[in-house]
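Quick note, the sequences are listed as chains A and B, same order.
Its first residue numbered -17, the first sequence is counted upward by one per residue in my numbering.
Its first residue numbered 4, the second sequence is counted upward by one per residue in my numbering.
Even for Gly, the Cβ is constructed at its ideal location relative to N, Cα and C.
Just so you know, these numbers come straight off a predicted model, no measurement behind them.
Written below as structure tokens is the structure these notes are about.
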Amino acid sequence: AQSVTQLGSHVSVSEGALVLLRCNYSSSVPPYLFWYVQYPNQGLQLLLKYTTGATLVKGINGFEAEFKKSETSFHLTKPSAHMSDAAEYFCAVLEGAQKLVFGQGTRLTINP
Amino acid sequence: EAGVVQSPRYKIIEKKQPVAFWCNPISGHNTLYWYLQNLGQGPELLIRYENEEAVDDSQLPKDRFSAERLKGVDSTLKIQPAELGDSAVYLCASSSRQGTGELFFGEGSRLTVL
């Protein structure tokens, strides 16, 4: 079975600083990987995904993630944090045709 | 286009009472999911429907939980009787395309069991 580990349940950065949220996966097959974001009192929404092809994928709001097979990682980055980026971020891997397996989440706090 | 709608948003009940959550997926989405999200954790799949059929309910505690999706549209998740450990957020999601992992989530129903 596939699994996801997110390193760090809480990450705090200053506004304008680099955002780095870490995700490692375990999969017996080439993985489909995702980042979802959950803003306060809202549902999860897709930020970006990797399926095949280019290993650097770009998502909404200036986020991007790089698939590194050798490191079994799919870390999420943003060059310059904005106050509106404060949210909970979930890394996920697709198991089978339709089941998403989520990590435990990382809460991102932005300091002014 | 309307998103996934869930109700109620919040529910407080005493243990041993029943509770039901309702979900209306995005129009045309054949796949519907119920996820459980405990505090500080990621969502965990409870059940997945393809149209009216429950195709994956292996994680649904069938002694107290039940779900239905009549006519392949709306769905209801029921807990009877509720226990203290059931306090969590119950998320509904829908998808139109198999194999993409692109799910659209509702805002969730937060249950507190006293």
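Nearest candidate by alpha-carbon position, reference residue i, set the options
{"i": "Ala63(A)", "options": "Gln(-12)(A), Val(-5)(A), Ala47(A)", "result": "Val(-5)(A)"}
{"i": "Lys81(A)", "options": "Val(-7)(A), Pro61(A), Pro13(A), His(-8)(A)", "result": "Pro13(A)"}
{"i": "Arg4(A)", "options": "Leu30(A), Met65(A), Cys73(A)", "result": "Cys73(A)"}
{"i": "Val7(B)", "options": "Tyr36(B), Leu42(B), Glu55(B)", "result": "Tyr36(B)"}
{"i": "Pro64(B)", "options": "Asp77(B), Tyr38(B), Arg72(B)", "result": "Tyr38(B)"}
{"i": "Leu26(A)", "options": "Ser78(B), Glu110(B), Leu117(B)", "result": "Glu110(B)"}
{"i": "Tyr56(A)", "options": "Ala(-17)(A), Val83(A), Ile42(A), Val75(A)", "result": "One detail in the question is off: residue 56(A) reads as Phe in this sequence, not Tyr. For the residues Ala(-17)(A), Val83(A), Ile42(A), Val75(A), the minimum Cα distance to Phe56(A) belongs to Val75(A)."}
{"i": "Ala(-17)(A)", "options": "Thr88(A), Phe84(A), Val(-7)(A)", "result": "Phe84(A)"}
{"i": "Gly78(A)", "options": "Cys95(B), Ala96(B), Gly104(B)", "result": "Gly104(B)"}
{"i": "Thr34(A)", "options": "Leu28(A), Val11(A), Tyr21(A)", "result": "Val11(A)"}
{"i": "Tyr21(A)", "options": "Ala68(A), Pro94(A), Gln86(A), Gly87(A)", "result": "Ala68(A)"}
{"i": "Leu117(B)", "options": "Pro11(B), Gln9(B), Ile15(B)", "result": "Ile15(B)"}
{"i": "Glu70(A)", "options": "Ser10(B), Leu42(B), Pro11(B), Gln9(B)", "result": "Leu42(B)"}
{"i": "Ala96(B)", "options": "Gln83(B), Ser112(B), Ile82(B)", "result": "Ser112(B)"}
{"i": "Trp17(A)", "options": "Gly(-2)(A), Lys51(A), Thr(-13)(A)", "result": "Thr(-13)(A)"}
{"i": "Ala37(A)", "options": "Leu29(A), Leu28(A), Lys51(A)", "result": "Looking at the sequence shown, residue 37(A) is not Ala but Thr. Per the Cα distances, Lys51(A)."}
Rounded Cβ spacing between residue i and residue j (contact assumed at less than 8 Å)
{"i": "Leu2(A)", "j": "Pro61(A)", "result": "Contact doesn't hold; Cβ gap of about 10 Å is too wide."}
{"i": "Ser98(B)", "j": "Leu106(B)", "result": "5 Å"}
{"i": "Ala23(B)", "j": "Leu80(B)", "result": "7 Å"}
{"i": "Pro46(B)", "j": "Leu94(B)", "result": "6 Å"}
{"i": "Thr34(B)", "j": "Tyr52(B)", "result": "7 Å"}
Test item: CB-CB of residue i and residue j under 8 Å
{"i": "Asn23(A)", "j": "Thr54(A)", "result": "no"}
{"i": "Ile50(B)", "j": "Asp66(B)", "result": "no"}
{"i": "Gln44(B)", "j": "Val92(B)", "result": "no"}
{"i": "Cys26(B)", "j": "Ser90(B)", "result": "no"}
{"i": "Lys31(A)", "j": "Val39(A)", "result": "yes"}
{"i": "Gly31(B)", "j": "Glu55(B)", "result": "no"}
{"i": "Ile92(A)", "j": "Met65(A)", "result": "yes"}
{"i": "Val(-7)(A)", "j": "Leu58(A)", "result": "no"}
{"i": "Ser8(A)", "j": "Ser(-15)(A)", "result": "yes"}
{"i": "Ala70(B)", "j": "Ala85(B)", "result": "no"}
| Which of the residues in the stretch -14 to 0 of chain A, read from start to end, lie with their CB under 9 Å from any CB of chain B? | Those residues of the stretch -14 to 0 of chain A that come within reach of chain B (Cβ to Cβ, closer than 9 Å) are Val(-14), Gln(-12), Ser(-9).
| task | May I ask you to list, following chain order, the residues of the stretch 31 to 48 of chain A that have a beta carbon less than 9 Å from some beta carbon of chain B? | result | Listed by position, the residues of the stretch 31 to 48 of chain A near chain B (Cβ gap below 9 Å) are Lys31, Thr33.
| said: I'd like to know if the stretch 39 to 59 of chain A and the stretch 7 to 26 of chain B are in contact, where contact means that at least 3 CB-CB pairs between them fall below 8 Å. | reply: Contact between the stretch 39 to 59 of chain A and the stretch 7 to 26 of chain B is not established, with fewer than three Cβ pairs separated by less than 8 Å.
| Near-chain A residues of the stretch 22 to 36 of chain B - C-beta to any C-beta below 9 Å | Taking 9 Å as the Cβ-Cβ cut-off against chain A, the residues of the stretch 22 to 36 of chain B that qualify are Thr34, Tyr36.
| Residues of the stretch 89 to 109 of chain B with Cβ closer than 9 Å to any Cβ of chain A, in chain order | Leu94, Cys95, Ala96, Ser98, Gln101, Gly102, Thr103, Gly104, Glu105, Leu106, Phe107, Phe108, Gly109: these are the residues of the stretch 89 to 109 of chain B whose beta carbon lies less than 9 Å from some beta carbon of chain A, given in chain order.
| task | Closer than 9 Å, Cβ to Cβ, to anything on chain B: give me those residues from the stretch -2 to 29 of chain A, in chain order. | result | Per Cβ criterion, the list reads Tyr14, Leu15, Phe16, Tyr18, Gln20, Asn23, Gln24, Gly25, Leu26, Gln27, Leu28.
| said: To be precise: take each residue of the stretch 58 to 69 of chain A, compare its Cβ to all Cβ atoms of chain B, and keep it if any distance is under 7 Å. Which residues remain? | reply: The residues in question: there are none.
| field | Contact set between the stretch 55 to 88 of chain B and chain A, restricted to residues whose Cβ is under 7 Å from the partner | value | The stretch 55 to 88 of chain B vs chain A, Cβ under 7 Å: Asp59.
| query | Just by C-beta distance, which residues in the stretch 80 to 92 of chain A are closer than 7 Å to chain B? | reply | Flagged, chain order: Gln80, Lys81, Leu82, Phe84, Gly85, Gln86, Gly87.
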